[in-house]
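Asks: Chains as they are written, first to last, in the working numbering: chain H, 2 to 114; chain Y, 10 to 120. Glycine included, each C-beta is placed from N, C-alpha and C at the ideal position. These figures come from a predicted structure and were not determined experimentally. I'd like to ask you about the structure that follows.
Below is the structure:
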């Protein structure tokens, strides 16, 4: 079975630019999660999709972040405009059953300069 | 708010010794506690989990214990090996099905 796929694996952008991250969950996993890890800190929850619906977006830091999951398959996370503090590793995870152990993607390392 | 505290942040042990990582959680409605291992440059991977109706679970060299009253849970690795070196994250699934992670423990196993 293919795992959770994320791309790009790395992205370096200038402050003020836009970046879009993509996550392809495991086929059949209705639950898709976005998390972010800033250097040395915890893996912090951003939001949770169930199919195409946002179940919980309480972790989204501000309105510069926009997540979508059209059709309930892959998801995108857009940061516009990017700020320096947005740098970190963005993980996507999926699960078949809500709240159970996740399968993580390899993450996208975002560096805003 | 909901949070998970994890200690220590760094742990260095000699090969063959045991390693213990401890976590506490705040949401008393939490009922599922997974542990993830992240090797350098790789994705976090689920290594063991425990549910609130169980006090201890073991899988070969790793074990997890849970004290619901104290809201503590711990990861125990026995007979550590260099390949156990990684960052370990504890997590708690809250009553609202949100996973809250600890800040991670960087484990070094010295050969």
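So what's residue 69/H in DSSP terms, helix, strand or just coil?
Replies: Residue 69/H carries a strand assignment under DSSP once its states are collapsed to helix, strand and coil.
Asks: With a threshold of 8 Å between beta carbons, is residue 110/Y in contact with chain H?
Replies: yes
Asks: Do three or more CB pairs link the stretch 37-48 of chain Y to the stretch 52-66 of chain H at distances below 8 Å?
Replies: no
Asks: Given a threshold of 16 other Cβ atoms within 10 Å of its Cβ, counted over all protein chains shown, does residue 98/H qualify as buried or as exposed?
Replies: That one is exposed.
Asks: Could you tell me if the beta carbon of residue 84/Y falls within a distance shorter than 7 Å of some heavy atom in the ligand PLP?
Replies: Annotation note on the ligand PLP: not contained in the displayed structure, which lists no ligands.
Asks: Grab me the residues of residue 108/H's own chain with a C-beta within less than 7 Å of its C-beta, minus the 5 sequence neighbours each way, in chain order.
Replies: 7, 90, 91 and 92
Asks: Taking the beta strand (DSSP E) that residue 40/Y belongs to, which residues open and close that run?
Replies: Premise fails: residue 40/Y is in no beta strand (DSSP E) and is neither H nor E.
Asks: Taking the beta strand (DSSP E) that residue 60/Y belongs to, which residues open and close that run?
Replies: 54-60
Asks: Which residues mark the beginning and the end of the beta strand (DSSP E) in which residue 106/Y is found?
Replies: Neither: residue 106/Y is in no beta strand (DSSP E) and is coded neither H nor E.
Asks: What does DSSP give as the partner residues of residue 46/Y in its beta bridges?
Replies: 54/Y and 97/Y
Asks: Among all the DSSP beta bridges, which residues are the ones paired with residue 70/Y?
Replies: Looking at the DSSP assignment, residue 70/Y forms no beta bridge with any residue, so it has no partner.
Asks: Quick one, which of 4/H, 15/H, 5/H and 3/H has its alpha-carbon nearest residue 88/H's?
Replies: 15/H
Asks: Is there a C-beta anywhere in chain H that falls below 8 Å from the one on residue 52/Y?
Replies: yes
Asks: Looking at chain Y, is there any beta carbon in it that lies within less than 8 Å of the beta carbon of residue 14/H?
Replies: no
Asks: Between residue 108/Y and residue 100/Y, how many whole angstroms is the CB-CB distance? I'm expecting something under 8 Å.
Replies: 5 Å
Asks: Since residue 112/Y and residue 43/H are thought to touch, with beta carbons under 8 Å apart, how far apart are those beta carbons, to the nearest angstrom?
Replies: 4 Å
Asks: Does the stretch 15-24 of chain Y come within contact of the stretch 19-31 of chain H, defined as at least 3 CB pairs closer than 8 Å?
Replies: no
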